[in-house]
Amino acid sequence: MSAVDGFPYKELADIPIPRDVQPGPGWSAQMREMADHIGAYDTLIISERYGGQDVYIPIDAAKNPFHPLIGAAKSRAISFVYGRLTLAIPTARYALNVARRASIIAAVRSDMLTVAHAARIMGVRRDYASKLVNRTQEGLGAEPPAIGRKVDPRQIDMFAEA
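If you read the sequence shown in this note's numbering, its first letter stands for residue 61, the second for the next number, and so on.
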């Protein structure tokens, strides 16, 4: 069995945004301000869904278009701060990529993935993926994704835990 058996993600867009993400490279001033009010994770969720669009924010939080994504309390905060404004939501492609690839880099550092497979998932050259793993601080605090063991269902478990 190789190091990549059972790895659940085929490309960077499949990887969920980590809940413990922090503002960093690629974050605009507007995104940082929004993160101060609702948190970095929810800011990236909004940018992922509405990026590149102009969105009107009503005063009534129940009519806030972000309400289904971020919940009642945070949509109230957005309506209080940005009510009656039309926000140009940034696409945040770079910030989303940095947030998502942190778990991939952590998986390489913990020998769950090869650098070549990580490069394929991230959509970068192998030497750049190697540079991210070996020469940057990126992904140091991140947790690698949980990977289930690939098992043939017909095989009897020889070492069952009691």
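In this text, a Cβ means the ideal position worked out from N, Cα and C, and glycines have one as well.
Three-way DSSP call (helix, strand, coil) for residue i in this model
| i | result |
| --- | --- |
| residue 145 | strand |
| residue 69 | coil |
| residue 114 | strand |
| residue 158 | helix |
| residue 173 | coil |
| residue 198 | coil |
| residue 138 | helix |
| residue 93 | helix |
| residue 128 | helix |
| residue 203 | coil |
| residue 120 | coil |
Cutoff 8 Å; reference residue i; Cβ partners in own chain excluding five residues on either side
| i | result |
| --- | --- |
| residue 108 | 77, 152, 156 |
| residue 79 | 101 |
| residue 186 | 175, 176, 179 |
| residue 120 | 139 |
| residue 105 | 77, 129, 130 |
| residue 198 | 158, 161, 162, 165, 192 |
| residue 143 | 117, 118, 119 |
Beta-carbon gap between residue i and residue j smaller than 9 Å
| i | j | result |
| --- | --- | --- |
| residue 166 | residue 200 | yes |
| residue 117 | residue 139 | yes |
| residue 68 | residue 205 | yes |
| residue 81 | residue 162 | yes |
| residue 181 | residue 71 | yes |
| residue 147 | residue 90 | yes |
| residue 75 | residue 160 | yes |
| residue 141 | residue 126 | no |
Contact set for residue i: own chain, Cβ-Cβ below 6 Å, skip 5 residues either direction
| i | result |
| --- | --- |
| residue 110 | 149 |
| residue 95 | 83, 103 |
| residue 112 | 151 |
| residue 219 | none |
| residue 48 | Because residue 48 is not part of the residues shown, which for the chain are 61 to 222, the question remains open. |
Whole-number beta carbon distance between residue j and residue i, since they are thought to touch under 8 Å
| i | j | result |
| --- | --- | --- |
| residue 86 | residue 158 | 6 Å |
Contacts around residue i, its chain only, beta-carbon distance under 7 Å, and the 5 residues preceding and following it disregarded
| i | result |
| --- | --- |
| residue 124 | 117, 118, 135, 138, 139 |
| residue 190 | 175 |
| residue 92 | 83 |
* To do: Kindly confirm or deny that the stretch 168-177 and the stretch 125-133 touch, where touching means at least three C-beta pairs closer than 8 Å.
  => no
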